[in-house]
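Okay, so here's the structure we're looking at.
Structure, rendered in structure tokens:
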């Protein structure tokens, strides 16, 4: 026996027709999907109004953003670079602005107040 029997051929043809119909049913019409209208919340309404072309909020926000970018890239970062270079590379003293307080020893006099630093008492007079 060669080939399919008439029953098998009919079954194959019916399956092909069913697949074609199923694939055609999967295509959406221009009216689909049909979604019920949703009520927008305050944030979504604000955002949709904000995204409108040439709205006042959008214009001012864009200007503020551009001003911030300009200030950061043209003022703050270059000022930081200049400050870093001056602080760590041009100053003659090492570590630039670090100033040590003068040391005080027992018996020294503080010039501003005239106070005399008392001598330190020994805590251990006897060694173990």
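Residue numbers (my numbering): 1307 to 1434.
We put the beta carbon where it would ideally sit given N, CA and C, even for glycine.
Please read all numbers here as calculations on a predicted model, not as lab measurements.
- Following the DSSP letters along the chain, one finds residue 1374 inside the alpha helix (DSSP H) bounded by residues 1362-1376.
- In this structure, 1354 is the residue among 1354, 1368 and 1412 with its C-alpha nearest to the C-alpha of residue 1345.
- Following the DSSP letters along the chain, one finds residue 1387 inside the alpha helix (DSSP H) bounded by residues 1383-1391.
- In this structure, the CA atom of residue 1324 is about 35 Å from the CA atom of residue 1343.
- DSSP places residue 1318 in the uninterrupted alpha helix (DSSP H) bounded by 1312-1332.
- A straight-line Cα-Cα distance of about 14 Å links residue 1390 and residue 1381.
- Following the DSSP letters along the chain, one finds residue 1351 inside the alpha helix (DSSP H) bounded by residues 1348-1356.
- In the structure shown, residue 1415 falls within a strand segment according to DSSP collapsed to helix, strand and coil.
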